[in-house]
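One structure is given here, and the rest of the page talks about it.
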Amino acid sequence: MKIVLLQTGKTTERYIAEGSEIFSTRIRKYSGFEIITVPDIKNTRNMSSYEQKIKEGKKIIQMIRKDDYIILLDERGREYRTIEFAEWFEKRLMVPGKRIIFIVGGPWGFSDEVYSHADFRLSLSRMTLPHQMVRLLFLEQLYRVFTIIKGESYHHE
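Per my numbering, the sequence shown starts with residue -11, numbered consecutively.
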């Protein structure tokens, strides 16, 4: 099973990039995993947030395949405690053949077109989080989920 984190725009904060690399390396011990970055949209100065979402959405759609299982990291998505997410995710891993793609949108969120392709929406918090910070928080949680599934001692409850 291949797992992908699809993110919009480069990670500009060094501490987020370093933390993301640490957790990505750890996740790869459990599963095929990669981070794909959708290039930043150019010349956004005179573009509305709606236009930016549409253009970003088109780029996101180009990166996904018909048979991918698409999970949007969205503040209006389903919230889980970590143990519950681990149980849900372990079942999701049993489905053969599909890539699981977690998508972090840009600062304006997702276009309606991206929402229409989603199989599931997952919320890390009802609070609004910076989209670059979501990357690091999500990667830590994904690593934590794998340690729970494998019965390792990283998570304490």
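Note that CB positions come from ideal geometry on N, CA and C, so glycine has one too.
Only a predicted model underlies this, so the values are computations on that prediction, with no experimental measurement involved.
- prompt: DSSP state of Phe134, grouped into three classes?
  reply: helix
message: Residues in the same chain with beta-carbon distance under 7 Å from Met51, minus the five sequence neighbours each way, listed in chain order, please.
response: Leu(-6), Ile24 and Val26
task: Look up Gly94 in the DSSP assignment and give the residues it is bridged to.
output: Gly97
- prompt: Out of curiosity, what's the CA-to-CA distance linking Thr13 and Gly7?
  reply: 10 Å
task: For Glu22, name the three-state secondary structure that DSSP assigns.
output: strand
- request: Report whether the distance from the Cβ of Ser113 to the nearest heavy atom of the ligand NAP is below 7 Å.
  value: The ligand NAP is not part of this structure, which contains no ligands at all.
query: Which residue from Met35, Leu110, Glu145 and Glu101 puts its Cα closest to that of Arg66?
result: Leu110
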